[in-house]
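Heads up: the sequence shown is residues 33 to 787, going by the working numbering.
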Amino acid sequence: MTTIMTSTLAETDWLMFIGRLHPLVVHMPIGMLAALVIVEMMTVFKKPEKITATRRFLVWATALSAITAAVAGWFLAGEGGYAEDLLFWHRWIGIAFAVVLFIGAVIALTPRWASVLVRFVVLSLALGLMTVAGHMGGTMTHGETYLTRYAPPFIANLIGPGEAADAPAPVESNEAGSDAQIVLAMLEARCYECHGASKQKGRLRLDTPDGIATVTVAGDPSKSEMFRRISLPQGDFDIMPPEGEPIGDAEVLAVMRWIRDGAETMPTPPPTVPAPNADTSLTSETSEPSTPAPSESEIIESARTDFGAFVTELPGDELVVDLSLGSEPLDVAKFAELAPIAPRVVDLSLAGRTITGELGEITFERLERLRLERSNADDAFVNAMLDRTPRLRKLNLHSTPVTDGVLGAIEASPALERVVLFETGVTGAAIESLRARRPELVIEKGEALADAFTVSGGPRLILAADYSTNRIALMREVALGAPTTVWEFEIDNIHDLHILPNGNILFQTSWTQLVEVNPETNETVWSYDASTMNRENEGERVEVHAFERRPDGSTMIAESGPSRIIEVDHDGKLLSATPLTVDNPDPHHDTRLVRTTPEGNYLVAHEFDGVVREYDRVGNVIWAYDVPTSWTDPITGAQHEGEGNALFSAVRLDTGNTLIGTGNGHGVIEVNPEGEIVWSVAQNEIEGVTLTWVTTVQRLSNGNTVIGNCHAGEGQPQIIEVTPEKELVWKFYDFKRFGNALSNSFVTEDTHGGP
Numbered sequence: 033m034t035t036i037m038t039s040t041l042a043e044t045d046w047l048m049f050i051g052r053l054h055p056l057v058v059h060m061p062i063g064m065l066a067a068l069v070i071v072e073m074m075t076v077f078k079k080p081e082k083i084t085a086t087r088r089f090l091v092w093a094t095a096l097s098a099i100t101a102a103v104a105g106w107f108l109a110g111e112g113g114y115a116e117d118l119l120f121w122h123r124w125i126g127i128a129f130a131v132v133l134f135i136g137a138v139i140a141l142t143p144r145w146a147s148v149l150v151r152f153v154v155l156s157l158a159l160g161l162m163t164v165a166g167h168m169g170g171t172m173t174h175g176e177t178y179l180t181r182y183a184p185p186f187i188a189n190l191i192g193p194g195e196a197a198d199a200p201a202p203v204e205s206n207e208a209g210s211d212a213q214i215v216l217a218m219l220e221a222r223c224y225e226c227h228g229a230s231k232q233k234g235r236l237r238l239d240t241p242d243g244i245a246t247v248t249v250a251g252d253p254s255k256s257e258m259f260r261r262i263s264l265p266q267g268d269f270d271i272m273p274p275e276g277e278p279i280g281d282a283e284v285l286a287v288m289r290w291i292r293d294g295a296e297t298m299p300t301p302p303p304t305v306p307a308p309n310a311d312t313s314l315t316s317e318t319s320e321p322s323t324p325a326p327s328e329s330e331i332i333e334s335a336r337t338d339f340g341a342f343v344t345e346l347p348g349d350e351l352v353v354d355l356s357l358g359s360e361p362l363d364v365a366k367f368a369e370l371a372p373i374a375p376r377v378v379d380l381s382l383a384g385r386t387i388t389g390e391l392g393e394i395t396f397e398r399l400e401r402l403r404l405e406r407s408n409a410d411d412a413f414v415n416a417m418l419d420r421t422p423r424l425r426k427l428n429l430h431s432t433p434v435t436d437g438v439l440g441a442i443e444a445s446p447a448l449e450r451v452v453l454f455e456t457g458v459t460g461a462a463i464e465s466l467r468a469r470r471p472e473l474v475i476e477k478g479e480a481l482a483d484a485f486t487v488s489g490g491p492r493l494i495l496a497a498d499y500s501t502n503r504i505a506l507m508r509e510v511a512l513g514a515p516t517t518v519w520e521f522e523i524d525n526i527h528d529l530h531i532l533p534n535g536n537i538l539f540q541t542s543w544t545q546l547v548e549v550n551p552e553t554n555e556t557v558w559s560y561d562a563s564t565m566n567r568e569n570e571g572e573r574v575e576v577h578a579f580e581r582r583p584d585g586s587t588m589i590a591e592s593g594p595s596r597i598i599e600v601d602h603d604g605k606l607l608s609a610t611p612l613t614v615d616n617p618d619p620h621h622d623t624r625l626v627r628t629t630p631e632g633n634y635l636v637a638h639e640f641d642g643v644v645r646e647y648d649r650v651g652n653v654i655w656a657y658d659v660p661t662s663w664t665d666p667i668t669g670a671q672h673e674g675e676g677n678a679l680f681s682a683v684r685l686d687t688g689n690t691l692i693g694t695g696n697g698h699g700v701i702e703v704n705p706e707g708e709i710v711w712s713v714a715q716n717e718i719e720g721v722t723l724t725w726v727t728t729v730q731r732l733s734n735g736n737t738v739i740g741n742c743h744a745g746e747g748q749p750q751i752i753e754v755t756p757e758k759e760l761v762w763k764f765y766d767f768k769r770f771g772n773a774l775s776n777s778f779v780t781e782d783t784h785g786g787p
């Protein structure tokens, strides 16, 4: 131990360690000098007969603290990264400050300190030197404009040039100059203060070509530290600049293009803007009075009426624009009309559309998700979109005519995390090559759909969804326990899903948006928006956690918030409404899964109430069961404890019993009409399995039970199948496609594991 400590101490750079104490100790002489001035001013009026020991101590303490700060500052200067001229004067003025105070301390040992003139000269010199040295220190630490940046204009003008009156405005477009000019303007406005001639924070200069080259990799924005830092989300610890507003989206886009195109440094400055009184006679005399530009709300409404867009306004000034429901060809040249709202769009869908025209100059600086599945988007269009979306994270090209020609732009998109390339012309060899170069990029290729959804006696199909990975997927087992993806769709939130008799998938993409999709074509054939359709009270919060397609083609929808179950026809027209009994109302927890019984009643899992209620069509409760937090195993007699009864699902079996997924009760119970538990599975009853949040339950024709095991963590299966004797015969574990929030699943019937 002694040897290790000796070695560690020997390797310590003590001078640099002392230097790093300068920002701490430099405040000591400032505070002590202020106290000394106050004490000495008091003696002017009282005129004590002798100099007290306290006064002498205060003078010496101030002098010694100044000397300590000066010594630490001298060592800190050796670290470098400061403007030489400014450092020279700051260093020697600081030393002069310490010397003056030391001389004053020596004088304080003699009767001469009693002289008002002597004290006035010493303290005035010390105050003046401290003020100048402090200002220079602030300039080196915070930049030349640290004092004037936020000062009122009249003060800023008195102090000197600054940014208070004429702060550079963010660049809003690249029409005024090239990308290089925009980058230069951004560096001057936002970076030179800390990384310029007067200060080089982190020893980095961004006002020289050599300095810029240290943080850029020509041709590759994803490997360029400059682009990475300015494109981080607001509030990130590493975002640059660390203070003030983040770099504008248009500037981030310009930096991306500039680096991608070779990062030629030190461009010519942007052209100056003509003065307000400049001669504009060539245009102003003959121009017609301009019409006011439409407001953003008018543009959004135009997108809905002229483009048939479904526009959702999100918190944080963000927009989701869905153009997938239109059937006419979509002329993207007209996107120019949407340019004012384009910077707000974070999610854009052109799924299934026939795209015509040229894209033009519109950019989507904040776009994170782009859905082009089933459209005719070709290589040229996709490449153009990627050039205009620097923050794109997810791209869906399912069933599009793209080829290997899009992979270059995909590789050069620094923020891209996931690409779907099902049924495209992109070759497997090209994909593997891209994976080698961008191993962090998730690329989904997939296979063709199976001939049938119901497989008897062989590997099954599994439909599952996880909101934490924004994915619903249909998978086919190529071998028992080894599934491959045959179809998938991007979602936000989900608590219910169905495979319909016609093979389509009925599911939700958010708490209010329901869709029916043909998995063979990926076409959305039906949709319903609960936030706008059949609303009795405008502004009423509603969430949907359960729905079901009825045999007559209508759709049952359970609305949490309004506490009702409605049925709508294919066009969304309201057919019926059934009120629900809710003891603990909450829009997110009123209901979980709801299923119709063979008699046409509604069997509702009330999560917050911890109750299963069966309703007739007019809302009468005809059967109810309070889910217990503990129960006794009817077979072994063992007592099982759960943490709660926030149940997720209830299914009426052919026997008349009800199968219940108890949610945070960590188990499954089957109860008869009298409310007696006739079968159960507790949290740790299956060897090697820990049930956590039990969600979906499914009783197969062979008597086995499929159980959804959500939030159990890696190391635990997300779905299991057990026999009536509670023997584990099948499990699903996939933390590549899904995460820890696989809440819903449905498996097809088969015979393996059964009698």
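Quick reminder that beta carbons are idealized off the backbone N, C-alpha and C, glycines included.
With a threshold of 16 other beta carbon atoms within 10 Å, D349 falls short and is exposed.
Here the alpha carbons of E646 and E631 stand approximately 11 Å from one another. A straight line joining the alpha-carbon of E599 with that of T544 spans about 15 Å.
In its chain, beyond the 5 residues on either side, S97, T100, A101, A104 have a beta carbon closer than 8 Å to the beta carbon of V57. Per DSSP, Q748 has no beta-bridge partner at all. The C-beta of M73 has fewer than 16 other C-beta atoms within 10 Å across all chains shown, which makes the residue exposed.
Considering only M507, T240, L149, the residue with the shortest C-alpha distance to T780 is M507. Taking the Cα positions, G707 is about 10 Å away from V659. Annotation: W655 is outside any alpha helix (DSSP H); the continuous beta strand (DSSP E) that includes it extends over 653-658. Take the alpha-carbon of S431 and the one of T687: they are about 44 Å apart. Checking the DSSP bridge columns, you'll see H638 partnered with V643. Among the bridge pairs identified by DSSP, Y224 is matched with none.
When the Cα atoms are used, E570 and S592 turn out to be separated by approximately 15 Å. Residues D239 of the same chain have their beta carbon placed closer than 6 Å to that of G228, with the five preceding and five following residues left out of the count.
If you draw a straight line from the Cα of F107 to the Cα of L119, it comes to about 12 Å. By the CB criterion at 8 Å, Y634 and V643 fall outside the cutoff. When L285, R260, T171, T163 are compared, the shortest CA-CA separation from A212 is found for L285. Shown here, N415 sits in a helix according to DSSP, grouped into three states. Proximity to V626 across V721, R582, D436, T664 peaks at R582, based on C-alpha coordinates. Under the DSSP assignment, T727 falls in the beta strand (DSSP E) whose first and last residues are 725-731. Between F454 and I504, the gap from beta carbon to beta carbon reaches 8 Å or more.
Counting along the chain, the unbroken alpha helix (DSSP H) around G460 starts and ends at 460-469.
In the DSSP assignment, R292 falls within the unbroken alpha helix (DSSP H) covering 281-292. If you draw a straight line from the Cα of S542 to the Cα of K763, it comes to about 28 Å.
Distance from the Cα of I752 is smallest, within the candidate group H743, V721, E746, for V721. Following the DSSP letters along the chain, one finds L56 inside the alpha helix (DSSP H) bounded by residues 54-57. Taking a C-beta distance under 8 Å as the contact criterion, L427 and T456 do not qualify as a contact pair.
Annotation: the continuous alpha helix (DSSP H) that includes S334 extends over 328-338. A contact between stretches requires three or more CB pairs, one per stretch, nearer than 8 Å, and the stretch 120-140 meets this requirement with the stretch 161-172.
Between A462 and D528, the C-beta gap is not smaller than 8 Å, which leaves the two residues out of contact.
Per the coordinates, the alpha-carbon of A295 lies some 29 Å from the alpha-carbon of V434. K605 and S559 have their C-alpha atoms spaced approximately 12 Å apart. Each residue's CA atom was taken as its position, placing K758 and D252 some 56 Å apart. For the options V650, R624, V754, T395, the alpha carbon positioned closest to that of D641 is the one of R624. In the three-state DSSP reduction, I692 falls in the strand class (E or B).
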